[in-house]
Structure formats: C-alpha cells, structure tokens
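Take the position in the sequence shown, starting the count at 1, then add 122; the result is the number in our numbering. Okay, so here's the structure we're looking at.
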Amino acid sequence: MSSLALSQLLLAMTLPLLELEPTFVPTAQSELSPSGGKSGQQLNQYSGEGESVLVSSYVHLEFSSRAWPQELSKNFTLPTALAFLPPKTLTGLGLTTECHANHSGASLCTCHPGYQWNATLCSLYPHCWGRRSERDSCMCRSFRGPVTGYCQLLPPVPANLTLDSQLQVHGNTLNLILLTKEEATNLRWFLRHSKNDRPIILRPGTNVLQMSSEGQAGLRVASMSRHWAGEYESIFEAQGFRWRLRQVVKVPLQEEEVILLPDALSISCAASTGFQLSCCIPLTTDYTATWSPGEDSQASLQKMSDSQCFVLAVQHCPATNTTYTCTLQSQNLPPLVAPVSITIIQDGDTTCPEDFSVVSWNVTKAGFVAQAPCPVNKKGVVKRLCGTDGIWRPVQNSCTEAKILTLCLKAKLLLEGQGKPYEEVPWILSELQEQVGVASTPSDLWEMLHTVTLLAKAVAETNTELTDSALKDLLTTTDKILDANISSLWTLAQAQEPSMGSDFLKAVETLVHSLSPQEHPFSFSSANVLLQSQLLRHSSSPGYQTSFSTWPLLQARIPWHSLAPLVHGGTNVSITSLVLQKLDYRLPSNYTQGLWNTPYATPGLILVVSITADGQAFTQAEVIMDYEDMNGTLHCVFWDHSGFQGQGGWSDEGCEVHAANASITQCVCQHLTAFSILMSQHTVPENPTLGLLSQVGMGASVLALLVCLVIYGLVWRVVVRNKVAFFRHTTLFNMVICLLVADTCFLGNPFLPSGHHSLICLVAAFLCHFFYLATFFWMLAQALVLAHQLLFVFHQLSKHIVLSLMVMLGYLCPLGFAGVTLGLYLPQRKYLWEGKCLLNGGGVMLYSFSEPVLAIVGVNGLVLVIAVLKLLRPSLSEGPTVEKRQALVGVLKALLILTPIFGLTWGLGVATLFDGSIVSHYAFSILNSLQGVFILVFGCLTDKKVLEALRKRLRGSGSSNSAISMVTNETYTSEHSKERSEPASYEERMTD
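Here you go:
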C-alpha cells in the first residue's frame, strides 16, 4: 500500500482503577484527534456499588503515513467526561484495529492479537480477501464506506475441548467433548490431516455421530484409522464472538498398512548379485525407517503422491538365508517391525527359469511366490507362483490405478462423514468418468463400481440433489463401463464379487432419482444409456408416455389413475425413465420362486422408472411396457435387490404378461423399479410349419383314440378272457380315455380366454394337467400288474381288489398332484402359462408334471427288465399257462414300445425348457401329437386277439361271440385246471 494512503488506527487507552460512586457509570469520550482524527467511542462499561473499575477509552485516529505518530508517545489527560475526577495519566496504550484502503477503495480492517470482530459484524461483512469460510476467524473485514465498528477485546475462553486420549488405537472409538460455560451456537467440527492439508468439515455419517445437550456438545468417531487422525477443530459462537478450539489425535501405523516389496524373496546368487527391498507407508504418517542389517547396502527415501518408500539396495548376495527388518519409528509411539525373509537358492533346488511374461521374472525357487511392482501410477503388486514342479503358474495382477483408488477412498470417507456431499459428489463423478478409459484390470473396474455405489449411499443418506452436469458425468461413466471394450474385465471381477452388477444397478438408480427438480426436463442419449425425464403439472395431459429406439423397441406409459393422486393442488411430479443396455448381461442368473432356475435370456436392456413428488420418491404405480418383436416363452420381471443373500435376482411378483397383438408383448407391473423381460434361453421363433404340424398331429391322435374306443366297444367281451388280459385292456382303455380328454383340452386351448381371471381357462389347464398325469399313472398300473403276475405266480388277487387299486392309482394319485399344484401356485398367480390355458412352463410344470412322469417311466423300465429276464428263463413248476403267457407277452410288447416312446416324448418336453433348439421342438411336437396313434397301433392293432375278434365281429359271427362269452364267465378253478392241461413249448409261448 502507498505510504500516502490514508490509514486508520483504533486505540485502547487503559486507566488505573478508580473508586466510583455506586450509581456512577463512566462514559469516556476522547478529545485527542491528531492528524484530523475523529472522536472515539467507548468499548466497555463497568458499574457496581463500591467497586473498582478499569476504564478503557477507544480512540479513532487517521493519518496519512504508516509511521507511528510521535504525539502518541506523550502522556494524555483524561477525557472531558472524567474531568470532575482527580487528574490521572494514561498508563497503557494498545492497538486494536488497523485499517487501510486497497486499490478499489475498500477499507481492510485487521484485528491485532487479543482482539476480534464480533460475530454480528463478522457475518455481515466479507473477509478482507473476498471469500467466505466456515472457519473464518473474524480477524479481518472489508468495508465499503465508513468503518462501522472495531475489533473488541476477547473475554476468557468460555469453553474447554477434551478427549479421552490423544493416542487412539486402530478401531477404537474417539470421543471429543466440548464443555461450555456460556450458550454456544453455530457449532461445527473440522479435521485437518496434516499442516499442508485443508481442514475438512465433519458431519453425521456412518462413522461420525454429533451430540449436543445443555452445557456440552460432543463428536464421536466410531472406528478410528489413520484417515481419522490429525487436528480436530471445534468452531462455535459464544458471548458475541467466534471461538476455535483444537485437539491433536494420533493413530499408530498398522502392520497391514506397511507394504513390503517383496515380502519374501528367493534369489540365485549365480544369476543375480544384488537385490532391492522396499518398505512403503502412507505419506501422511510421521514415521522414519531404518533397515537392518545395513552392511554392504545403501538406503534411500522415495516419495510418491500419497506414499513414501524406504528403499534398501543390497549390493551383494548374502551367503546364507537372511531376514532383513524394516523398523518404523515415530515420536511417542512404539516401533513397528516388518521382516523380509531372503532365501538363497542352492544347487539342486527345483526352480522356475527367468521369464518375461507381463513383467520380468527372475529365477525363483519352487513353491515361492515371485513379486514385482506395478507400473507407474498404479498401486498393488504383480504376483506369480513358481509351482513345486518348477513350472510358472499364471500371473496374478492386482494393480489398480492410483487415481481410481483415491476417488474410491474419498467416496468412502464422504459416506463416513468427511466433507460436503453437494461439493464432493459432483467432483468425484467428474474425475471418475475420465478414469474409465484407463481401466485395464478387474480391480480397476471393481473400484470404479464401488466408488459409484459409495456415492449413491452418501447421496441417499444426506438427501443430496444432483445437478444436470453431475448426472451427465454419471451417465457418461455408466455408458463407458457398459461398453464392450471392458466386457472381459466384468467376467474376472464378478468371479470375485458376484453382486457387483446388482450393486451398480442400484447405485445408478439412486443417483438418477436424486436429480434436482429444477433440472427437469432432462434427457441423455448414448450407445448404452438412454434417459428421459419430464415434469408433470396438474395441467398436463393425462398419463405419462415415453418410447425408446432400442431393440426390442420399447414403450413405457403410466396411466392417469396412478398419477392423479400425486398431481393435485399444483404439485409438480417428475418422472424419469432410464434404459441401461447390456447391464442385464452383468447380473447374476438368479430367479426367485416361480421362475426357478430355468435358464433364461434377457433382451439386453433394463428399464428403470421412478416418480418423485415434492422431493419424495414413490414406488407404487402401475406401469405398462410394450416390447416389440419378442418371441418364445416370456416373463415380465423386475430386479429384486434383496434376494439371494444380497446378490439380487429376477422376480415376477406384481408383473404380468399380456399379448397386445401378434408383434407386441405387453408387461403390466404394479410397482416401480428396474424392469426387463425374460425369454427362453434358446428362443424358437413362432413357426407356422411347427404349429400346423402340432395341430395336425394332435388331430390325428384324437381320431386314433376315438378309433380305439370304437374297437374296444366291438371286441371288449372277446379280448378279456382272463385276468391278465382284463387288466391289460382295462389300463389301455383308461389310458385312451385320459389321453383323449387331455388332447381335446389342448386343442381347444387357443380358443379360450387366457389369464388367471378366466375360470374356463383354469378348468382347461387343470384338466390337461390331471388327464395327462392320469395317462402315465395308468401305464404304471399296467406295469405293476405285469410285475406281480411274473414275480408272484401262485399269489392270485381278486379282480375287484386289483381293479380298485388300479383306479386309485390311475385317478386319485394324479388328482392329488393336480390339486396340490393348483392350491400352491394359483394364489401366487403362477399356475398358468402366460397367455395360455396351460400349466406354467417353468418350475410348476417341471416339478408337478415332468418329474412324476419321468419317475414313472423309470419304474416301467425297471419292470420291463424284470419281465424280459423272467420270460426268457421260465420255470417248469412256476410257469404260467400258454394263454396267460400270451397275455403277459402282449402287455410286455405294449410296454416295450409305449414306455420308450412316451418317456422320450416327455424327456424332450423337459429338454425344451433347458435347450430349446429347433430340433428338440420339432421332435417333441411330432412325438407328443402322435401319442394316440401309438396307442392305437401298438396297444390294439398289434394284438392278434383283438384283430381276430374284430374280424369276426365285422363278419357277424354270432356263434363265436357266444362261445367267448361262456369262456369269460369261467371260474378261476376251471381256468387253472385247463392251464395245467395245456403244456406248450417256449417258442409257442413267445410267438404271440
């Protein structure tokens, strides 16, 4: 400042103690005004009956030079206001405030030690350097125009800041207590890690708790670490002034914070004469290091951006195995010792040779892990195991970009309670999007995703609103993360952390919801991320609708009846729709109950819809999504973050599929979250040829079954001449009835209204399930009868008992399965196949139909093996008669053909759920639609008795019918005696 500039001084004159009258209140007015000085003002007033008082008079002086005026050195008389008192002289003169003008004409007034601007003036006028700070000490103020005040004498400190211990152990809880004698307001806490760091404001977070009560306030840090060490500062206002109290807290260095490279070393003295050891610690810690032994070596210090390494360069290889020790010491702290063992490779030891994969690897002893430093600007270590066989194992690279780690740490500390989210979150997002391009390892990707997750939690905890620029940075980062260029990193990273995709989705949802209402409408478009938001007002057109040019084409809308309760009284409602492409491929393949674990494929996109009104998020609303050109078995689903122990999974709860038309699949959900649609993993497109083939085959099957019934109506009395034949044809007859009803319901399925609301649709689905199951249970009954007749030849059962048991097995068992399935899944709305009147094609069909059917096929196969072995090795004493054996052979033939056919058919049916290739779909359609034809051919037309009886019936042979009728009514005794009188050769028994 020029010496000619006008300067001002505010002086305090101190007078000796005066004996005052009880009612006297002194008011000091200075008459001294050198160099054009102005009269001063009184700073303090004191009064009291019969007490001594120290009178301070404040003088306002102005002069043109910074030099101290000689007149101020003279003795002064009392001000005129005190002239009635005995004459006194000035015993003390103190400078309180010094003001000078800057180039813009403003007066910059600075307080001298022991004085301060009061809190009122401090808050009204800016700092001398133009910036406002929560830590402003109120020592300098800028005035434009007259200076309206002066620095005042500070009273004694009205508070005391205490803590339990300045030395805190890692993981312990720190308690800072501020004890106040006066009322304290505007209390804030700060932490400065080191002298070179700026103080960071502390606020409530996951690691910080602030407490306040009458006469005291407190700060609690739940878990101490080196990131919470430093100088704590408490700033508050009391007695009209702003106060600052400080306490220094230290946290000893932990062993895991000391990085040794390498932490163990095997070396060949023949291949390498020397080596280098590094002992690295965080830069913020006040430690020194010494290496021992230090002979024949050279120590140095290397400083990086956030760490320092004490390096020991050993010049010559030691003669024997040696342990080097890095000892770290700090004042008033116990030393920390970190050992490094050096193993000398001897002749004959198995070793891995020198190699140059990724980095340079020296000769290493078998069983040891070789280590190498990461490239510049990366943290971590590159490791490689030398196997016991002397062969190098794959390189393990844990190197991570130092900048990404720094951003992740800032986000972690922000969540814990350090810093201001509205400042830190935008800055971290801006820096993070620049780091995606340099990510080259799985740990880089994981740290970036973890950073976004931590930011989302901090934003949610503090209700921070994002600006449009911050949201653009987030979406740009998301787009780059979903890009195919780093897709290989996802696979490796998810092997270590399966839930990272789910966590990232939730974080992006949270941050998108946090867009400030003032920033709407907002839109963003990139290769993998599309976002549209708009503001609905009470005057807006009814409902909400948006569309995205993706594959499949996607349109989303929210009906007016869901928005009407929110849009009222002028309330503005913001709706945001976000499409994330390829992220569904990064989510775990988890499916909740109802979807089971059947493999599905997603279309490559996720839709996130959110509604916010007056800063409050709403999750309950009906949203309708239209997907175009979707084929196969479809499920409308959302991502449930809470499922599968936090890994997340797809759920269809609250969502339904509606076929809007031939090309559009409509999903209707009753809540807002991240939606998608599931398809069969190998979706077979709608094929007219396949559909026509299935319909024609099913029609042929129905006709064949009707022919069976007609044939049985003509020849029934003829073909059931003995018990075995009766049992065989009874089971076949019931199989025909069951399959006929089931196929008829199946054919009528396309003509019925679909959905759980349709009673006729539910009845059709139940009948299909029941009668298809009953077909197989009657086949099981046929096999069990065959097994009984072969294994228990002399154990004869009553026809009525066997028939009753067969009816129970053939109808009651499938009825139980079908009834339980209906009772379990109908309340969950998972009973029906979406858009069809058939059983749900997922876990419902798998567990309640396919598994019982395949189990029956397995039992029938076992019975067939027993039957073949028994008939190939007949016993003369136990063998059945010719006629009976012929009936058994007929049963065996039918089962030998029908069991593999039916088993193969429904085995392919299950296969289409897991591997829906076009070949398996064609094979299943053909075999399934021709089951009735197979029963006609192999159950009826291959039976010689049936054909013979049918020919005779068609010729009108009445005598034959009469004779056969007589045979049917024979008693068991006559049958048995006849059987014993008709021996036959083995070849004759097996011909029929």
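Quick reminder that beta carbons are idealized off the backbone N, C-alpha and C, glycines included.
Residue i - DSSP class collapsed to helix/strand/coil
i: L688; result: coil
i: K501; result: strand
i: F766; result: coil
i: I1048; result: helix
i: W955; result: coil
i: E355; result: strand
i: P807; result: Because the pLDDT of P807 is 46, which lies under 50, any placement of that residue in the model is unreliable, and the number read from its coordinates should be weighed accordingly. Of the three classes helix, strand and coil, the one that applies to P807 here is coil, per DSSP.
i: E305; result: coil
i: C273; result: coil
i: Q640; result: helix
i: Q110; result: The structure shown does not extend to residue 110, since the chain is modelled only from 123 through 1114, so no value can be given for it.
i: M333; result: strand
i: L1116; result: The question about residue 1116 has no answer here: the residues shown for the chain are numbered 123 through 1114.
i: D601; result: helix
i: A649; result: coil
i: S731; result: Going by the sequence as given, residue 731 is Val instead of Ser. It is a strand residue.
i: K579; result: helix
i: I988; result: helix
i: F971; result: helix
i: L383; result: strand
i: I923; result: helix
i: D748; result: strand
i: L340; result: A quick correction: the sequence has Gly, not Leu, at residue 340. If DSSP states are grouped into helix, strand and coil, G340 belongs with the strands.
i: W251; result: coil
i: E220; result: strand
i: E523; result: strand
i: N484; result: coil
i: L296; result: strand
i: T412; result: strand
Buried or exposed (CB count within 10 angstroms, at least 16 for buried), residue i
i: M930; result: exposed
i: V907; result: buried
i: T693; result: exposed
i: R850; result: buried
i: A735; result: buried
i: A306; result: buried
i: H891; result: buried
i: V462; result: buried
i: S816; result: buried
i: L246; result: exposed
i: N329; result: buried
i: R320; result: exposed
i: A649; result: exposed
i: Y749; result: buried
i: T270; result: exposed
Cβ-Cβ distance between residue i and residue j below 8 Å
i: T575; j: L554; result: no
i: P564; j: Q493; result: no
i: V491; j: L507; result: yes
i: L827; j: I1057; result: yes
i: G932; j: A909; result: no
i: L596; j: L567; result: no
i: K501; j: A524; result: yes
i: I680; j: E641; result: no
i: C391; j: I323; result: no
i: G756; j: L814; result: In the sequence as presented, Gly is not what sits at residue 756; that position holds Leu. Cβ atoms of L756 and L814: not closer than 8 Å.
i: L688; j: F740; result: yes
i: F760; j: N712; result: no
i: P548; j: S624; result: no
i: P497; j: V485; result: no
Can you confirm whether the segment 274-283 touches the segment 397-412 when touching is taken to mean that 3 or more C-beta pairs between the two stretches lie within less than 8 Å? no
Count the CB pairs spanning the segment 606-626 and the segment 652-659 that are closer than 8 Å, and state whether there are at least three. no
Go through the segment 827-913 residue by residue and report every complete run of the beta strand (DSSP E) that reaches 3 residues or more, in order. none
Using 8 Å as the cut-off, can you tell me whether the segment 869-889 makes contact with the segment 829-840, which would need three or more C-beta pairs spanning the two stretches below that distance? no
If contact is defined by three or more beta carbon pairs under 8 Å, each pair taking one atom from either stretch, is the segment 723-742 in contact with the segment 631-640? yes
Cβ contact (3+ pairs, closer than 8 Å) linking the segment 892-899 and the segment 857-869: yes
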